[in-house]
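Under this note's numbering, the first residue of the sequence shown is numbered 88, with each subsequent residue one higher. We treat Cβ as the ideally placed atom computed from N, Cα and C, and that holds for glycine. Structure first, commentary second.
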Amino acid sequence: MFYETKDHHGLKHNPFKALVAPRPIGWISSQDTEGRVNLAPYSFFNAMASDPPVVAFGCNGRHMAGGVKDSLANIEATGEFVCNIVTYELREAMNMTSTSAPRDVDEFEVAGLTAAPSHLVKPPRVGESPVHLECRYLQTVNLPSDNPADPNNVVFGQVVGIHIDDAIIKDGMIYWPSFHQVARLGYMDYTVVEKVFAMDRPSWPPAG
Ligand SMILES: Cc1cc2nc3c(=O)[nH]c(=O)nc-3n(C[C@H](O)[C@H](O)[C@H](O)COP(=O)(O)O)c2cc1C
């Protein structure tokens with residue numbers, strides 16, 4: 088099949104997000120200028136550069152109270168956030184923090200998570216997560232939107248500090264069998280990293 092995205096796809100559900108999958112989940116903690124903490128998952132999330140490390144996430148649509156979602160509002164106001172990495176063990180807690188809660192609700196409390204202090208930024212880390220990326224806000228890029236009330240924005244942050252639980256390090260490398268990262272497929276489906284294979288980069292000209 089082929090469809091132009093300005094037309095209807097003709098399927099039961101929009102397939103787009105199921106096609107660009109799996110997507111890692113940035114579990115973003117931030118806080119507002121009064122120190123109120125916020126935590127929410129974002130699967131339009133990825134690493135964009137490594138020297139220095141930069142991450143980005145897409146913050147789309149509006150908050151239940153109108154305006155942009157808390158994560159974007161907080162990060163633009165304070166310039167800091169943390170990306171916590173979601174594991175299989177944390178899947179239910181992560182999902183719970185996606186609730187459309189009023190602005191003053193602390194999703195750490197909602198999901199019974201430990202707010203661990205960060206080293207370089209004010210927003211706390213999810214203590215139960217094995218990896219945290221402490222980030223300083225770089226910029227927001229405003230994307231086209233089909234509905235002006237539902238803005239699409241991409242938030243970029245430079246990673247200034249990284250925490251890694253020693254339990255997922257083996258022989259100086261991240262040990263996938265202990266990590267269990269969760270990623271989002273389409274619809275309500277998720278996946279967990281279980282099958283890993285390696286490939287060497289080819290040299291030029293190709294061998295043979
Ligand atoms: C697994 C998962 C991934 C999500 N990814 C995104 C995303 O990439 N962008 C987005 O705007 N909302 C995403 N959401 C919805 C937000 O988490 C939800 O709107 C949340 O309430 C936003 O919280 P905030 O206003 O505290 O930032 C996702 C939800 C789940 C469960």
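Buried versus exposed call for residue i [16 or more other C-beta atoms within 10 Å across all chains shown]
i, result
"Lys99", "exposed"
"Glu121", "exposed"
"Asp157", "buried"
"Phe89", "exposed"
"Ile249", "exposed"
"Val283", "exposed"
"Phe103", "exposed"
"Leu200", "buried"
"Met286", "exposed"
"Ser290", "exposed"
"Arg110", "buried"
"Glu167", "buried"
"Thr184", "buried"
"Arg288", "exposed"
"Asn125", "buried"
"Leu207", "exposed"
"Leu159", "buried"
"Pro210", "buried"
Neighbour flag for residue i against chain C, beta carbons, 8 Å
i, result
"Gly248", "Protein chain content of the structure displayed is limited to a single chain, and chain C is not contained in it."
Residue(s) in a DSSP beta bridge with residue i
i, result
"Asn147", "Asn239"
"Tyr277", "Arg271"
"Gly113", "Tyr129, Ile172"
"Pro140", "Ser137"
"Val124", "Gln118"
"Val155", "Arg149"
Residues near residue i by beta carbon distance below 6 Å, same chain, minus five either side
i, result
"Gly113", "Tyr129, Phe132, Phe144, Cys170"
"His150", "Lys156"
"Gly148", "Asp237"
"Val279", "Tyr175, His267, Val269"
Beta-carbon proximity list for residue i, same chain, < 7 Å, skipping 5 on both sides
i, result
"Ser232", "Pro238, Asn239"
"Asp94", "none"
Residues near residue i by beta carbon distance below 8 Å, same chain, minus five either side
i, result
"Phe243", "Met135, Val141, Val142, Ala143, Tyr224, Leu225, Gln226, Thr227, Val228"
"Ile255", "Pro217, Val218, Ile261, Tyr262, Ser265, Phe266"
Beta carbon of residue i nearer than 8 Å to that of residue j
i, j, result
"Glu221", "Ser205", "yes"
"Ala198", "Gly214", "no"
"Val269", "Val173", "yes"
"Asn161", "Ser117", "yes"
"Tyr277", "Arg178", "yes"
"Ala164", "Asp119", "yes"
"Ala127", "Gly273", "no"
Any alpha helix (DSSP H) of 4 or more consecutive residues that is wholly inside the region 197 to 269 | 263 to 266
Taking only runs that begin and end inside the region 157 to 189, name each unbroken beta strand (DSSP E) of 3 or more residues, in chain order.
-> 167 to 172
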